[in-house]
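>
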Amino acid sequence: MSNILVFGAGGVGCVYAVILEKGGANVTAVCRTNYAAVKENGILMRSAKWGHVRSKPNVVATCHEAAQNFGPFDYILVASKAFSGTAELIADAVTPGKTAIVLAQNGILIEEDYATKFPNNVIISGVVYLPTTQVEPGVVEHGTLLEQFEIGTFPAKASAEAKAQTQRFSDMFTAFGAKAPVHDDVQARRWIKLCVNASLNPMTALSMCDDGNLLRSSSYAISMVREVMREVGRLAAAAGYPDAVTEDEIEYQLSRHIGRIETGGKEPSMLTDIKCGRHIEVEAILGNAVRKAGELGVAVPYLTILYVLAKGRDFSNLRNGDWKPIVAIS
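Numbering (full-length UniProt numbering), first residue to last: 1 to 330.
Shown next, in the form of structure tokens:
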């Protein structure tokens, strides 16, 4: 039986904790605001696909507590937001040469921090497709049939044992009836998701519109989203993935959101985070892309504008010591 630590028990983390526990693993969850509820009642998943499923993982407040009481771990699933410094937060629970680190996070170029911090551990990169919301502490709604966790080793050319560890993780999803396909090189899948995340996520957060209303609001909106996606496609091609974000892929991804203009939109995660007064994943989704474009000499004017504006929106949303108040003119 695999021993797994889930770091980040929000909507995605809670669902994956249920899947892994029901798929045969021993699961420990690092909880924050939902600590008391999950400790007492466990996690309740209400899913359109799997029905109501309850799981009772071990519950801790920190990775240090997890390591002391429930370690060592075969896997750590990182399901928190993709912010810098997370590798440091999980360090106490990582056993060198044993613990595989599974990243269920958005963005591109997010793996290097973990690979540098833990050079003797397997890194498994993952792309999440799982519309879910924690509607109250420890209770998560999964209201559609969509669920897929696309995974692969980082780097793509890894040892046979790393590939085997990745497959064993996938098998636990399969045992529950969930999908975690293993890709030889999962980075192409990251670029595909980025074309949506780097366009509609910041545009909805900045406009405070869901995707359907954003596209309904202006005759220029659809064409702008398309151009942002094309910038991601050109950047992906320059980074070695010319077949990832193709014109056909762009039109397919865009059509999913255009279809919501009349039926009702969805609220992307950045918009939710802004509404809740939380930090947004501006660096993982936009900053890394803009910096990579600079390295490769790819012009990304739309991405750069969105990065600057989203960075400012994030700065104003969570004003810290660097924020300077407006000086009144007498």
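Built from N, CA and C at the ideal position, the CB exists for glycine as well.
Quick check on Ala293: does DSSP put it in helix, strand or coil?
Position 293 of the sequence shown, counting from 1, holds the residue named residue 293. In the structure shown, Ala293 falls within a helical segment according to DSSP collapsed to helix, strand and coil.
> In terms of residues, what are the limits of the alpha helix (DSSP H) holding Asn58?
Here residue 58 is taken as the residue at index 58 of the sequence shown, counted from 1. Per DSSP, Asn58 belongs to no alpha helix (DSSP H); it is in the beta strand (DSSP E), Asn58 to Val60.
> Counting Cβ pairs, one atom from each stretch, are 3 or more of them under 8 Å apart for the stretch 145–153 and the stretch 178–192?
yes
> In the structure shown, what three-state DSSP assignment does Met45 receive?
Taking the first residue of the sequence shown as position 1, residue 45 is located at position 45. DSSP places Met45 in strand when its eight states are reduced to three.
> Look at the Cβ atom of Ala198, then the Cβ atom of Leu303, and state whether they are nearer than 8 Å.
Along the sequence shown, one-based indexing puts residue 198 at 198. Along the sequence shown, one-based indexing puts residue 303 at 303. The answer is yes: Cβ separation under 8 Å.
> Excluding the 5 residues preceding and the 5 following Leu271 in the sequence, name in chain order all residues of the same chain whose CB lies nearer than 6 Å to its CB.
As a working mapping, residue 271 is identified with position 271 in the sequence shown. Excluding positions up to five away in sequence, the list reads Thr204 and Ala205.
> My output table needs one value for His257: the three-state DSSP class, helix, strand or coil.
By 1-based counting over the sequence shown, the position of residue 257 is 257. Note: His257 maps to helix in three-state DSSP.
> What do you get for Leu318, buried or exposed, if any count of 16 or more other CB atoms within 10 angstroms of its CB means buried?
As a working note, residue 318 is residue 318 in the sequence shown. Leu318 should be labelled exposed.
> Would you list the one or two residues that DSSP bridges to Gln148?
Residue numbering aside, residue 148 sits at position 148 when the sequence shown is read from its first letter. Beta-bridge pairing links Gln148 to Tyr129.
> Using beta-carbon positions only, say whether Gly143 and Asp210 come within less than 8 Å of one another.
The count along the sequence shown starts at 1 and reaches residue 143 at position 143. The count along the sequence shown starts at 1 and reaches residue 210 at position 210. No, the Cβ-Cβ distance between Gly143 and Asp210 is not below 8 Å.
> To the nearest angstrom, how far is it from the Cα of Pro137 to the Cα of Asn34?
The count along the sequence shown starts at 1 and reaches residue 137 at position 137. The count along the sequence shown starts at 1 and reaches residue 34 at position 34. About 5 Å.
> Out of curiosity, what's the CA-to-CA distance linking Lys157 and Gly287?
Translated into the one-based positions of the sequence shown, residue 157 becomes position 157. Translated into the one-based positions of the sequence shown, residue 287 becomes position 287. Between Lys157 and Gly287, the C-alpha separation is close to 26 Å.
> Nearest to Ala82 by alpha carbon, out of Ala236, Arg291, Gly126 and Gly297?
Numbered from its first residue, the sequence shown carries residue 82 at position 82. Closest by alpha carbon: Gly126.
> If you follow the alpha helix (DSSP H) that His64 is in, where does it begin and where does it stop?
Against the sequence shown, residue 64 aligns to sequence position 64. Taken as a continuous stretch (DSSP letters only), the alpha helix (DSSP H) holding His64 covers Cys63 to Phe70.
> Please return the same chain residues whose Cβ sits closer than 6 Å to the Cβ of Ala293, not counting the five positions on each side in sequence.
Position 293 of the sequence shown, counting from 1, holds the residue named residue 293. Non-local C-beta neighbours of Ala293 in its own chain, meaning closer than 6 Å and more than five positions away in sequence, comprise Leu235 and Val300, ordered along the chain.
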